[in-house]
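Undergrad:
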């Protein structure tokens, strides 16, 4: 069994697991490298469960013992890349002279690893499916609240340069869901959400799904509450030593989707971009730098 198959099995059985096993399963899905590199005891501690829970999870998933379960992740990691993540790890291990330098090294390591996982080669098919879904949509609704609002705003703003059918849902004036009154089966919703999941985001996804809209879920786990209704699921890693989980990977997903939509948009997208630039020049939006 490979990691992708095992991840799918975990997601399929997740709702039937006990709360403690769900806690362990969620950690496994979100931290596969830890599974490969840490002992059962250390992994259980990191997941806030007893080591025996990790063993029970392995058996619940069809393995005779924990080591067979762990081997799947060791094999996956061995087939990985000795690229940015490894270099960032080496950077962190270098001797530093002050706390600021150490923190910056930690940030670099976590963000590099996040982006390596989020934009890994195996994600290409998922991105292509999301792009196709969005390109065919009559209207695109965009959702992202709290710390993930920047990703949603960027996606909506950038799409506004070459599409006239994108609506960003905001909470201004308490009218967050009002824009969804006309959502239907010909529409799509791009939603950015990570733990802890905002209730309004989940409610918006459920409503749009009930109306038949196609959901592109950009989230942190296959067991996220917005993953189930998704027609296209884009996962991002968001580990960070900072106050909040990182928003950089979600922004990278937004930027990548926009680039793919422009790339496939043909002459119609180019014409819309020309029109947008003309309007910006008419209102003298940007400061002049003296460059031609």
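Residue numbers (UniProt numbering): 1 to 292. Built from N, CA and C at the ideal position, the CB exists for glycine as well. Here the structure is a predicted model, which is why all the values come from computation and not from measurement.
Looking at the structure shown, is residue 215 part of a helix, part of a strand, or coil, going by DSSP?
TA: DSSP places residue 215 in strand when its eight states are reduced to three.
Undergrad: From 259, 56, 53, pick the residue whose C-alpha is nearest to that of residue 155; which is it?
TA: Of 259, 56, 53, the residue nearest in Cα terms is 259.
Undergrad: Taking the beta carbon of residue 32 as the centre, do at least 16 other beta carbons fall within 10 Å, making it buried, or is it exposed?
TA: Burial call: buried.
Undergrad: Give, in chain order, every unbroken run of the alpha helix (DSSP H) that is at least 4 residues long and sits entirely within the UniProt domain "HTH rpiR-type" (4 to 80).
TA: 19 to 30, 32 to 37, 40 to 46, 51 to 60, 66 to 78, all fully within the UniProt domain "HTH rpiR-type" (4 to 80).
Undergrad: If you compare alpha carbons, which of 140, 40, 176, 144 is closest to residue 184?
TA: Selected option, being the one with the closest Cα: 140.
Undergrad: According to DSSP, is residue 272 helix, strand or coil?
TA: Three-state DSSP puts residue 272 in a helix.
Undergrad: Is the number of C-beta pairs between the region 1 to 15 and the region 210 to 223 that are closer than 8 Å three or more?
TA: Short answer: they touch.
Undergrad: State the Cα-Cα distance for the pair residue 39 and residue 173, rounded to the nearest angstrom.
TA: Taking the straight line joining both Cα atoms gives about 51 Å.
Undergrad: Could you tell me which uninterrupted alpha helix (DSSP H) segments, each at least 4 residues in length, are contained entirely in the UniProt domain "SIS" (130 to 272), listed from first to last along the chain?
TA: The qualifying runs are 149 to 159, 199 to 210, 248 to 263.
Undergrad: Suppose contacts are defined by Cβ-Cβ distances below 8 Å. Is residue 245 in contact with residue 194 by that definition?
TA: The answer is yes: Cβ separation under 8 Å.
Undergrad: Tell whether a beta-carbon distance below 8 Å holds between residue 210 and residue 137.
TA: No, the Cβ-Cβ distance between residue 210 and residue 137 is not below 8 Å.
Undergrad: Report the residue from 46, 175, 253, 164 whose alpha carbon sits nearest the alpha carbon of residue 117.
TA: It is 253 whose Cα lies nearest to the Cα of residue 117.
Undergrad: Take residue 241 and list the residues in its own chain whose beta-carbon comes closer than 8 Å to its own, dropping the five residues that flank it on each side.
TA: Only 103, 106, 107, 110 meet the Cβ criterion.
Undergrad: If we ignore side chains and look at the alpha-carbon of each, how far apart do residue 227 and residue 24 end up?
TA: Each residue's alpha carbon lies about 18 Å from the other.
Undergrad: Can you tell me whether residue 243 is buried or exposed, with buried defined as 16 or more other CB within 10 angstroms of its CB?
TA: Exposed: under 16 other Cβ atoms inside 10 Å.
Undergrad: Please say whether residue 162 and residue 180 have beta carbons closer to each other than 8 Å?
TA: The answer is no: Cβ separation not under 8 Å.
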